[in-house]
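Notes follow the structure.
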Amino acid sequence: MTFYVENRTKSVFSFDPEALVREVAEAVLASEKCPYEVQLSVILTDNEGIRQYNREFRGIDKETDVLSFPNVDFASEADFSILEEREADYFDPDTGELFLGDIVLSVDRVKEQAVSYGHSEKREFAFLVAHSMLHLCGYDHMEEEQARIMEAKQEAVLQKMGITRA
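Okay, so the sequence shown: first residue is 0 according to numbering that gives the first Met the number 0, each after it adds one.
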């Protein structure tokens, strides 16, 4: 997996954000049975930075915790079988890796939500990366059943990694 993590803040965590992005991304991809090596881009920003992304790309002028920008138009969740039909759209011609998409994460919200939910910043950061990775794999949570599925998948990945709410 090739991934790019750019920290546009001065925030410091008690864990290595790049290593945690890699671990969570790999765990989600394994759980979704992704057969490809992937490329992933992650930007760590502050509340104002994510507000700008949200305004520019979604037309919503407010902060959020994480934004996902999938590169793949999945017909159904995590159905990787159709991707080779559009190889030029989805794969890096030099490396053969799947361009999965981009994640923009607000480190301010990570810190705020960790306090609000009563768990560690590592747990909140990992949760948001797992959540975003599922979006990049074609999942959504617009309907109640979809939300339940995503929640269960996020929790299963984090439990398997030993990153619990405690």
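For each residue, glycine too, the CB sits at the ideal point set by N, CA and C.
Treat the numbers as computed from the prediction; the structure is a model and nothing was measured.
**Study point:** For Ser40, the three-state DSSP class (helix, strand or coil)
**Key:** strand
**Study point:** For Phe124, the first and last residue of its enclosing alpha helix (DSSP H)
**Key:** 120 to 135
Point to revise | Beta-carbon gap between Ser10 and Ala155 smaller than 9 Å | key: no
Check your understanding: Is Pro34 helix, strand or coil when you go by DSSP?
Key -> coil
Review point. Can you name the start and end residues of the beta strand (DSSP E) that Tyr3 belongs to?
Key: 1 to 6
Check your understanding: Taking the continuous beta strand (DSSP E) assigned at Val114, which residues delimit it?
Key -> Segment 106 to 116 is the alpha helix (DSSP H) holding Val114; no beta strand (DSSP E) there.
Practice item. Put Ile49 into one of helix, strand or coil per three-state DSSP. Key: helix
Review point. Applying the criterion that 16 or more other CB atoms from any shown protein chain within 10 Å of the CB defines a buried residue, is Pro16 buried or exposed?
Key: buried
Exercise for review: Output yes or no for whether 9 Å exceeds the beta carbon distance between Pro69 and Cys136.
Suggested key: yes
Check your understanding: Touching or not, the region 66 to 83 and the region 92 to 111, by the rule of three or more beta carbon pairs under 8 Å?
Key -> yes
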